[in-house]
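Visitor: Same order as they appear, the protein sequences are chains S and G.
In terms of UniProt numbering, the first sequence has 70 at position 70, counting the first letter as 1, and numbering is strictly consecutive.
In terms of UniProt numbering, the second sequence has 2 at position 2, counting the first letter as 1, and numbering is strictly consecutive.
For glycine and all other residues, C-beta sits at the position ideal for the given N, C-alpha and C.
All values reported here derive from a predicted model rather than from experimental measurement.
What follows is a structure written as structure tokens; I'll ask about it next.
Protein chains: 2
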Amino acid sequence: MTSSKIFSNTSIIRASYANDSDVTLAQFRIETNDIDVSKVAPGDIILRNLYLSLDPYVRFTLNETGGDTPASWRLLNVPFYGLGISEIIASGEAVATKYPVGALVSGNVGYEQYTRISGLDDPKTQTDLRILPAHARDETKGVPLSYYISALGMPGLTAYAGLKVLDVKPGKIIFVGSAAGGVGQLVGQLAKQQGLRVIGSAGSDEKAAYLIEKQQFDGAFNYKTEDAREALTRLAPNGIDYFYDTVGGAILDLVLEIINEHGKILSIGMISQENGKEPYPIRNLNAIARKAVTIYGFIYWHHLQYFQNGELDTTIRSLLEQGKINYREEVFNGIETAPQHFINMLSGKYAGKVIIKIADL
Amino acid sequence: MTSSKIFSNTSIIRASYANDSDVTLAQFRIETNDIDVSKVAPGDIILRNLYLSLDPYVRFTLNETGGDTPASWRLLNVPFYGLGISEIIASGEAVATKYPVGALVSGNVGYEQYTRISGLDDPKTQTDLRILPAHARDETKGVPLSYYISALGMPGLTAYAGLKVLDVKPGKIIFVGSAAGGVGQLVGQLAKQQGLRVIGSAGSDEKAAYLIEKQQFDGAFNYKTEDAREALTRLAPNGIDYFYDTVGGAILDLVLEIINEHGKILSIGMISQENGKEPYPIRNLNAIARKAVTIYGFIYWHHLQYFQNGELDTTIRSLLEQGKINYREEVFNGIETAPQHFINMLSGKYAGKVIIKIADL
């Protein structure tokens, strides 16, 4: 007989679809239920969630159909899922060695205070949970724990591995789309560390100025107020060698026109082309053969080796600790604030990576 | 005092532009002039042209403006230029060691019987002339000399180096566009030699049948009579891993839709997108990021090392001599027949590489 240990668990539930409309609070319902953390099956673990990342791709789960988002990610009346940092507070007997109580992990969790993950003793169960290194707890060297879902998490991996795929060379020029975002700010700074000239686009004057003043960008422009063709002509009069593309659509078409011979483009997803809208018709693809351009599609979970071998942690944590790069995130307190911050994030209100702090370590 | 040695030289002159219209005989003028092959400046050579390749890209020189074709390639009242095989019959004293009389060369020459190439003693003069290996004369092993502008020339290089760029793997499936053309037939057979499953599209039932019956293709379809989506679904029900694309436009858009994850596309030029027509609007580019697809633009003169190091000659000549692959070309006699054959080639009347034989070796 185990004694029960019951916690109150507040969750953000997917209440309805937004589909083609703007996301509103009607899509979210805040629910509080009890969770008995003493009841843990042999293959289960229970996580106490500390930080939660709010990411644009979660918008796709508010479409009833469409895209490649699996139906299981779009169920109504269950919590949203997102990348989090959590502490293991209970672990079933079959998995306790691999997932020891007290360890910190990162991976997909619910938008909630506690998440139960089941079936980890079944080899068929897929999970992206990774145990964080012991030094993740050490915030004394200027690297907060929250960075394990930002600079040292998925955005960091996407930036780091994306530059590897582009195989960037010193002295060349890279244009970074959404440069003030969770991925773009790192792409630019890492490219700068590698000796490139770096220019970026951002959604406000403040964001563009921050990139130049605080994050070593050689140039940046506000794509909402300056024509992209004029800005790129001004900032890169000799053309662009690499384009780190987060958006697709019209900006990709423009870059194809002005990119240099042997230019390379990394496409990490075409936000502008999703949400059931009619895709932007790209007309400059003939530039690919004419200029021997390469376009690489990038899927971050194909590059998890940089988590597994510790390379991402070693490389980026070291640069952060030395102050050679920095990272901008906006951290808000309380799981119940997630819906409004998610809406604000989608509308571009925030600068840098948006994170909800759910609990203290 | 040198004795003069005067030959009659018939040339095909660019008489007028076709621009957006179909090419007609009005674009060509046949001229015969004398050439004194005893008069050769120190840096000049004179070529006796033996074979001439008729290639679709020459169509671009019949546009008064547009594209990336240099203006110097589009001059009126001068001979057309194209890839040829020639014998050096005179060589100036400054270049006679590098270009000895009697050697066979391949490179761009005029559509004519004799071509003078000047300034080869000036390091700034660019030339694509290459001296052919001595065994090029040996036609006893089933490799005619004309192959040095087809299977062992630019089309051969484009096929061979293109497959290198795609880094094709055994067991995968490749779809070859324009598979009956000078490049496509080799792409398919070389891929087959490397253990791939090979399917192709061609412009007639006869061409499609030839690919299957004579050139080891696993499947082929007539794109003029069968819907490409239906054909690819029939021939590649599990999707496509590689697409060797010579056309761009609608077929590229379709392949982006059905290509497998990690698929790779080589684009060697988008014939369908040139000639001043409004480009076909590609709508499926979001597939690149979604499926981690890579698109490589290919420019053949970036890969000349396979000529220079002899690798192309060794590899493909050996396969041809052993009968492991074969090559289909249509050879017509007489420089004066070039205009009509050029027109016929553009309209797809011929199967395989189209070559004009100008003179016997």
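#1: So, do the segment 91-109 of chain G and the segment 128-136 of chain G have three or more beta carbon pairs nearer to each other than 8 Å?
#2: May I have the straight-line CA-CA distance separating L75/S from T10/S, to the nearest angstrom?
#3: Reducing DSSP to helix, strand and coil, say where I288/S ends up.
#4: From the DSSP output, in three-state form, read off L254/S for me.
#5: Who pairs with L83/S in a beta bridge, going by DSSP?
#6: Label I6/S either buried or exposed according to how many other C-beta atoms from any shown protein chain fall within 10 Å of its C-beta, with 16 as the threshold for buried.
#7: Could you give the residue range of the beta strand (DSSP E) that holds K264/S?
#8: For the segment 226-250 of chain G, enumerate the residues whose C-beta is nearer than 8 Å to any C-beta of chain S, in chain order.
#9: Mark T294/G as exposed unless 16 or more other C-beta atoms lie within 10 angstroms of its C-beta, in which case mark it buried.
#10: When you compare the CB positions of I199/S and A159/S, do they come within less than 8 Å of one another, or not?
#11: Quick one: list the residues of chain S neighbouring D294/G, beta-carbon separation under 8 Å, in chain order.
#12: Can you tell me whether A18/G is helix, strand or coil according to DSSP?
#13: From G195/G to G188/G, what does the alpha carbon distance come to, in whole angstroms?
#14: Helix, strand or coil for I299/S, going by three-state DSSP, please let me know.
#15: Within a Cβ cutoff of 7 Å, which residues of the same chain sit near S272/G, ignoring the five residues on either side of it in sequence?
#16: Going by the CB atoms, is the gap between I240/G and I259/G shorter than 8 Å?
#17: Buried or exposed: which applies to A139/G, given that a residue is buried once 16 or more other Cβ atoms fall within 10 Å of its Cβ?
#18: Do L152/S and R317/S have their beta-carbon atoms positioned less than 8 Å apart in this structure?
#19: Quick one: what does DSSP say Y242/G is sitting in, helix, strand or coil?
#20: In chain order, what residues of the same chain have a beta carbon less than 7 Å from the beta carbon of V354/G, not counting five sequence neighbours either side?
#21: In terms of residue numbering, what span does the alpha helix (DSSP H) encompassing R317/S cover?
#22: Confirm, please, whether the CB-CB distance from L312/S to L190/S is below 8 Å.
#23: If the cut-off is 7 Å on Cβ atoms, which residues from the segment 104-135 of chain G count as contacting chain S, listed in chain order?
#24: Quick one, which residues of the segment 280-291 of chain G are near chain S if we go by CB-CB under 9 Å, in chain order?
#25: Which residues, taken in chain order from the segment 178-195 of chain G, show a beta carbon closer than 8 Å to some beta carbon of chain S?
#26: Tell me, which residues are paired with G219/G by DSSP?
#27: Along the chain, where does the beta strand (DSSP E) containing I358/S start, and where does it finish?
#28: Among residues of its own chain, excluding the 5 on either side of Y17/S, which ones have a beta-carbon nearer than 6 Å to its beta-carbon?
#29: So with Cβ pairs under 8 Å, would you call I268/S a contact of chain G?
#30: Can you tell me which of the three DSSP states T24/G falls into?
#31: Is it buried or exposed for P42/S, if we count other Cβ within 10 angstroms and need 16 for buried?
#32: Which first and last residues belong to the beta strand (DSSP E) in which N49/S is found?
#33: Smallest Cα separation from G203/G: which of N222/G, A15/G, A287/G and E31/G?
#34: Assuming K264/G and G297/S form a contact by the criterion Cβ under 8 Å, report the distance between their Cβ atoms to the nearest whole angstrom.
#35: What does the alpha-carbon distance come out to for the pair G66/G and F243/G?
#36: Shorter than 8 Å from the beta carbon of H341/S to some beta carbon of chain G?
Guide: To lay it out plainly:
#1: Contact holds: three or more Cβ-Cβ distances are below 8 Å.
#2: The residue labelled residue 75/S in the question sits at position 75 within the first sequence. The residue labelled residue 10/S in the question sits at position 10 within the first sequence. Rounded to whole angstroms, L75/S to T10/S spans 18 Å at the Cα level.
#3: Residue 288/S sits at position 288 when you count from the first residue of the first sequence. Helix.
#4: Residue 254/S sits at position 254 when you count from the first residue of the first sequence. In the structure shown, L254/S sits in a helix (DSSP, three-state: H, G or I).
#5: Counting from one through the first sequence, the residue named residue 83/S turns up at place 83. The beta-bridge partner set that DSSP reports for L83/S consists of N108/S.
#6: Translated into the one-based positions of the first sequence, residue 6/S becomes position 6. Exposed, by the Cβ-count rule.
#7: Position 264 of the first sequence, counting from 1, holds the residue named residue 264/S. Note, K264/S: beta strand (DSSP E), I259 to S267.
#8: Cβ contacts with chain S: G248.
#9: Counted from its first residue, the second sequence places residue 294/G at position 294. T294/G comes out buried.
#10: The residue labelled residue 199/S in the question sits at position 199 within the first sequence. The residue labelled residue 159/S in the question sits at position 159 within the first sequence. The Cβ-Cβ distance between I199/S and A159/S does not fall below 8 Å.
#11: To locate residue 294/G, count along the second sequence from 1; it is residue 294. The sequence given here places Thr at residue 294/G; Asp does not occur at that position. For T294/G, the residues of chain S that pass the 8 Å Cβ criterion are T294, I295, Y296 and G297, in the order they occur in the chain.
#12: On the second sequence, residue 18/G is found 18 positions in, with the first residue counted as 1. In the displayed model, A18/G falls within coil according to three-state DSSP, outside both helix and strand.
#13: Counting from one through the second sequence, the residue named residue 195/G turns up at place 195. Counting from one through the second sequence, the residue named residue 188/G turns up at place 188. Cα-Cα distance, rounded: 11 Å.
#14: For the purposes of this step, residue 299/S is taken as the residue at position 299 of the first sequence. Three-state result, I299/S: coil.
#15: In the second sequence, the residue the question calls residue 272/G occupies position 272. Summary for S272/G: the model assigns pLDDT 49, below 50, so the residue's position carries little reliability; its value from the coordinates is reported in the next sentence. Its chain contains V247, G248, G249 and Y280 as the residues whose beta carbon lies nearer than 7 Å to that of S272/G, once the 5 sequence neighbours on both sides are disregarded; these appear in chain order.
#16: Locating residue 259/G in the second sequence gives position 259, where the first residue counts as 1. Locating residue 240/G in the second sequence gives position 240, where the first residue counts as 1. Contact: yes.
#17: Position 139 of the second sequence, counting from 1, holds the residue named residue 139/G. Correcting the residue type first, residue 139/G is Glu in the shown sequence and not Ala. E139/G comes out exposed.
#18: As a working mapping, residue 317/S is identified with position 317 in the first sequence. As a working mapping, residue 152/S is identified with position 152 in the first sequence. It is a contact, given that the beta carbons lie within the stated cut-off.
#19: Position 242 of the second sequence, counting from 1, holds the residue named residue 242/G. Secondary structure of Y242/G (DSSP, three-state): strand.
#20: In the second sequence, counting from the first residue as 1, residue 354/G sits at position 354. For V354/G, where only same-chain residues beyond five positions count, the Cβ hits under 7 Å are L54, E330, H341 and M345.
#21: Here residue 317/S is taken as the residue at index 317 of the first sequence, counted from 1. Note, R317/S: alpha helix (DSSP H), E311 to E321.
#22: To locate residue 190/S, count along the first sequence from 1; it is residue 190. To locate residue 312/S, count along the first sequence from 1; it is residue 312. No; because the gap between Cβ atoms is not below 8 Å, this pair is not in contact.
#23: Listed in sequence order: no entries.
#24: Those would be Y280, P281, I282, R283, N284, L285, N286, A287, I288, A289, R290 and K291, in chain order.
#25: For the segment 178-195 of chain G, which is checked against every Cβ of chain S, not one residue is closer than 8 Å.
#26: For the purposes of this step, residue 219/G is taken as residue 219 along the second sequence, with counting starting at 1. Note: G219/G sits in a beta bridge opposite I199/G.
#27: Taking the first residue of the first sequence as 1, we reach residue 358/S at position 358. Neither: I358/S is in no beta strand (DSSP E) and is coded neither H nor E.
#28: For the purposes of this step, residue 17/S is taken as residue 17 along the first sequence, with counting starting at 1. Here the set comprises L62 and E64.
#29: Here the question's residue 268/S lines up with position 268 in the first sequence. The beta-carbon of I268/S is placed less than 8 Å from the nearest beta-carbon of chain G.
#30: The count along the second sequence starts at 1 and reaches residue 24/G at position 24. Coil at T24/G, not helix or strand.
#31: Working through the first sequence from its first residue, we reach residue 42/S at position 42. Result: exposed.
#32: Stepping through the first sequence from its first residue, residue 49/S is reached at position 49. Unbroken beta strand (DSSP E) run through N49/S: I45 to L54.
#33: Counting from 1 along the second sequence, the entry for residue 203/G is found at position 203. The candidate whose alpha carbon is nearest that of G203/G is N222/G.
#34: Position 264 of the second sequence, counted from the first residue, corresponds to residue 264/G. Position 297 of the first sequence, counted from the first residue, corresponds to residue 297/S. Contact flag wrong, Cβ pair sits at about 10 Å.
#35: Counted from its first residue, the second sequence places residue 66/G at position 66. Counted from its first residue, the second sequence places residue 243/G at position 243. A direct Cα-Cα distance of roughly 28 Å separates G66/G from F243/G.
#36: Numbered from 1 along the first sequence, position 341 holds the residue referred to as residue 341/S. It does not; no Cβ of chain G falls within 8 Å.
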